[in-house]
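Counted the way my numbering counts, the sequence shown spans residues 7 to 180.
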Amino acid sequence: MRRVLMALSISAATAAVAIMGGCKPKAEPASPAVALELPIVVRAAADSNDGRPVYVLVRAVDEQTFLEQSYAEVAALVLEPDESVLAAVLVFPGSTAYELVEIDALPELVAVYGLFSVASEGDWKLLLESPEAIELELALDTISTLAEEAESDTDAESDTEAESDTESEADTGG
């Protein structure tokens with residue numbers, strides 16, 4: 007009888023080990039999806055949008071969509087975004103807004119819209135080619151990239167230096 011009990015105990019223990027963990031394959035750790043990060047920085051002047059907040063909408067679009075969509079169609083996407091919307095950033099006058107958007111792949115074209123109270127002719131939207139970062143400046147009723155601002159500042163400095171050189175030559179008689 008002892009042998010029978012011992013055999014049953016060994017069989018039960020073996021079965022328990024097999025059921026509890028010996029037979030189950032180990033799960034592979036889930037590999038995280040590789041996502042890209044698209045940083046967005048928007049600086050708003052104190053007088054931007056006549057002192058009212060501005061929504062900046064960032065979308066992955068093709069050139070035709072960018073050219074054809076009206077201000078009203080784009081503005082509607084703030085309340086009911088479609089799959090093209092990467093981010094909607096609310097920016098207050100005199101402040102800087104930061105947003106880090108996770109995307110699966112870098113879009114070929116990214117449209118950026120400044121949804122001002124009154125949209126000026128063409129100055130409310132930009133089309134950027136595969137940007138790794140988006141840095142924007144909001145003025146009274148226009149949106150521009152910081153790179154454009156830097157270029158115009160450099161051009162203005164070059165013009166001022168050229169005028170200064172011309173004046174110096176005239177003063178010295180040369």
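We treat Cβ as the ideally placed atom computed from N, Cα and C, and that holds for glycine. Computed from a predicted structure; not experimentally measured.
Check: Uninterrupted beta strand (DSSP E) stretches inside the stretch 61-136 (no shorter than 3 residues); Outcome: 91-97, 102-109, 115-121, 131-135
Check: DSSP beta-bridge partners of T151; Outcome: L142
Check: Whole-Å CB distance - V97 paired with P59, under 8 angstroms assumed; Outcome: 6 angstroms
Check: Enclosing beta strand (DSSP E) for R49 [first to last residue]; Outcome: 42-50
Check: Minimum C-alpha distance to V84 - residue among P113, A111, R65; Outcome: R65
Check: Assigned exposure category for S123 - 16 Cβ within 10 Å defines buried; Outcome: exposed
Check: Distance CB(L63)-CB(V48) smaller than 9 angstroms; Outcome: no
Check: Proximal residues to A51 (C-beta, below 8 angstroms), its chain only, five neighbours per side dropped; Outcome: P99, G100, E143, L144, A145, L146
Check: Secondary structure of D53, DSSP reduced to three states; Outcome: coil
Check: Alpha carbon of E135 to alpha carbon of V67, nearest angstrom; Outcome: 11 angstroms
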